[in-house]
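These notes are about the structure you will find just below.
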Amino acid sequence: MVDSDRSKANWEKALRAMPEIEAKLGTELNCELIALSACAKRTTIYCPRRECGFLNTIPSNNKRVFPCGGCSKDISITAGTYFHKVQKFKPRLIMMELYERGIVLSANQLAKLTGVSTDTASRTLKRLALIAISEMRNLGIEIVSALCADAVCRRTTKTPAGEPPIAEETLLQLETNRQENEYSIVEMPDMSEEEKLVLQEISESGITFDQLAQKIALSIGALSAALTVLELKGLIEKQFADSYRRSKKLHLSMTMQEGDLANSHNAELAKIFVSFVKDFFQGLGRKYLQLYSALDWIAKDRRRWPSNSLIEFCASNRCVSEEEIEEYVTPLAFYVVPSSVLS
6 MVDSDRSKAN WEKALRAMPE IEAKLGTELN CELIALSACA KRTTIYCPRR ECGFLNTIPS
66 NNKRVFPCGG CSKDISITAG TYFHKVQKFK PRLIMMELYE RGIVLSANQL AKLTGVSTDT
126 ASRTLKRLAL IAISEMRNLG IEIVSALCAD AVCRRTTKTP AGEPPIAEET LLQLETNRQE
186 NEYSIVEMPD MSEEEKLVLQ EISESGITFD QLAQKIALSI GALSAALTVL ELKGLIEKQF
246 ADSYRRSKKL HLSMTMQEGD LANSHNAELA KIFVSFVKDF FQGLGRKYLQ LYSALDWIAK
306 DRRRWPSNSL IEFCASNRCV SEEEIEEYVT PLAFYVVPSS VLS
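If you read the sequence shown in this note's numbering, its first letter stands for residue 6, the second for the next number, and so on.
Here it is in structure tokens:
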């Protein structure tokens, strides 16, 4: 794929900025000391061992490990922070410096600049985004992910086999509908266990009496009685002879939900975000939309993210595991921060 004009321009900005960034950060050892100094600002740290739990005063801001005052076993001052088990600090600090300067680069471009793999660069960005998401809610506006379908072009672990990347959206909508329907069934008053069991199997698309009889361990008489009661309560509708479907008023309509959220302003915000994704990353997997929205915010909000703020933020924030990155899924409505609230 060919880089966009915006991507090329940012690459040139990054190359021009690198001599200054290199001079500021120095060697890998110096970068480690910068990160350790930020972590040491907590001043105290509990021993992570359950059998100990001693509250230690951090003795130095230039040593990563020190012996616990309670059990004498080693404690790392990066434990539990973004820098937990980090082996190379300089690539991460370079990435933070670039984003604090509003220079958005793809993982591939960052890999070329920092000497790490593209996968490492990608995971570093995602870790940063995951801890920044919690800060977005006060400024962010929720838009539905369906509005950003044009940005979704890469498969992830959540993409159904044999389906295009955007199929994740449909799958998540169906799962949300199912969970909402299950919740409504559990909470619905004046229903017998048999009625709940039958309603659980009836979708909006419909199901026949024979299919229900095969799925549910009820006698024919009990099944007929439950269907009759559900129909009288207005929870199901008879389509024809022996076919039933869930009442439309009970079904969670994602189309209606999107109609509530997708006003012209939100549609414009989605369009701007899609352009950001396509210009700088050429597209992404649906599950990571929220993470890249967080990166967009970091790159453009100089009041919240001035120089040196990201390393301080990361040193005081939690560790993000590989499993959390893999399992993260953007919800059907996610946050974007419009430029208008930053001016």
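C-beta: ideal position from N, C-alpha, C; glycine also. On a predicted model such as this, the values are computed, not experimentally measured, just so you know.
Alpha-carbon spacing of residue i relative to residue j, whole angstroms
i, j, result
"LEU223", "GLU199", "8 Å"
"CYS153", "CYS57", "49 Å"
"VAL234", "GLU168", "40 Å"
"VAL203", "LEU176", "23 Å"
"ALA28", "GLY120", "17 Å"
"GLN178", "ILE212", "20 Å"
"VAL346", "GLN216", "54 Å"
"ASN365", "SER150", "Beyond the ends of the chain as shown, which are 6 and 348, falls residue 365; an answer cannot be given."
"ARG323", "VAL341", "22 Å"
"GLN244", "GLU174", "29 Å"
"ALA268", "LYS305", "The identity of residue 268 in the sequence shown is Asn, whereas the question assumes Ala. Approximately 24 Å, taken between the alpha carbons."
"GLN205", "GLU236", "14 Å"
"ASN113", "GLU33", "21 Å"
"GLY239", "SER139", "41 Å"
"ASN66", "THR83", "11 Å"
"ASP247", "THR125", "57 Å"
"ILE349", "ALA137", "Any property of residue 349 remains undetermined from this structure, which presents the chain solely from 6 to 348."
"ILE303", "LEU118", "20 Å"
"ILE26", "GLN92", "20 Å"
"THR129", "GLY85", "16 Å"
"LEU38", "ARG308", "26 Å"
"ASN313", "MET196", "59 Å"
"LYS18", "MET141", "27 Å"
"ASP45", "ASP155", "For the record, residue 45 in the displayed sequence is Ala; it is not Asp. Spanning the two alpha carbons is a distance of roughly 44 Å."
"TYR361", "LEU232", "Because residue 361 is not part of the residues shown, which for the chain are 6 to 348, the question remains open."
Beta-carbon contacts of residue i that lie in its chain and below 8 Å, excluding the five residues immediately before and after
i, result
"PHE285", "SER9, ARG11, SER12, ASN15, VAL109, LEU110, SER111"
"PRO170", "VAL157, CYS158, ARG159, ARG160, THR161, THR164, GLY290, ARG291"
"THR49", "LEU60, ASN61, THR62, ILE63"
"ASP78", "For clarity, residue 78 is Lys in the given sequence; the question names Asp instead. The answer, listed in chain order, is CYS52, ARG54, CYS57, PRO72."
"THR260", "Residue placement at THR260 cannot be trusted, given a pLDDT of 44 that sits under 50; what the coordinates show is reported in the next sentence. Excluding sequence neighbours, THR260 sits near nothing in its chain."
"SER127", "ALA112"
"PRO311", "GLU105"
Cβ-based neighbour list, residue i, same chain, cut-off 6 Å, excluding 5 preceding and 5 following
i, result
"ALA40", "PHE88, PHE94"
"ALA43", "ILE316, GLU317, ALA320"
"VAL325", "ARG132, LEU135"
"ASN271", "ILE148"
"CYS36", "LEU30, PHE94, LYS95, LEU98"
"ARG47", "none"
Chain D within 8 Å of residue i, Cβ atoms only
i, result
"ARG54", "Given the protein chain composition of this structure (a single chain), no chain D is represented."
Cross-strand partners of residue i (DSSP beta bridge)
i, result
"THR48", "Paired residues: none, contrary to the question."
"LEU337", "In DSSP, LEU337 forms no bridge with anything."
"THR233", "The partner list for THR233 (beta bridge, DSSP) is empty, contrary to what the question assumes."
"ILE212", "TYR249"
"LYS243", "TYR249"
"VAL325", "Beta-bridge pairing links VAL325 to no other residue."
"ASN61", "ILE50"
"PRO72", "ASP79"
"LEU289", "VAL157"
Residues near residue i in its chain [Cβ-Cβ closer than 7 Å; skip 5 each side]
i, result
"ALA172", "THR164, PRO165"
"CYS52", "GLY58, PHE59, ASN61, CYS73, GLY75, CYS76, ILE80"
"ALA275", "ILE148, LEU152, CYS153"
"ARG21", "none"
"ARG251", "ILE207, SER208, GLU209, ILE241"
"ARG106", "ALA22"
"GLU328", "none"
"SER344", "LYS305"
"LEU228", "VAL203, LEU217, ALA218, ILE221"
"LEU115", "MET100, ALA126"
"ASP301", "PHE278, PHE281"
"GLY145", "TYR340, VAL341, VAL342"
"PHE214", "ASP247"
"ILE225", "ALA218"
Check: residue i C-beta below 7 Å from any heavy atom of the ligand NAP
i, result
"CYS44", "Within the structure as shown, the ligand NAP is missing, as the structure has no ligands at all."
Stretch pair the region 60 to 75 + the region 92 to 107: three plus CB contacts closer than 8 Å: In the pairwise beta carbon analysis, the region 60 to 75 is classified as not touching the region 92 to 107: fewer than three pairs are separated by under 8 Å.
Beta strand (DSSP E) segments (min. 3 residues) lying fully within the region 78 to 166: With a minimum length of 3 residues, the continuous beta strand (DSSP E) runs that stay inside the region 78 to 166 are 79 to 81, 146 to 149.
Stretch-stretch touch, CB-based, cutoff 8 Å, three pairs: the region 332 to 340 with the region 290 to 297: Three or more beta-carbon pairs separated by less than 8 Å link the region 332 to 340 to the region 290 to 297, which places the two stretches in contact.
The region 296 to 310 contacting the region 276 to 283, beta-carbon criterion three pairs below 8 Å: As far as the Cβ criterion goes, the region 296 to 310 touches the region 276 to 283, which means the pair count is three or higher.
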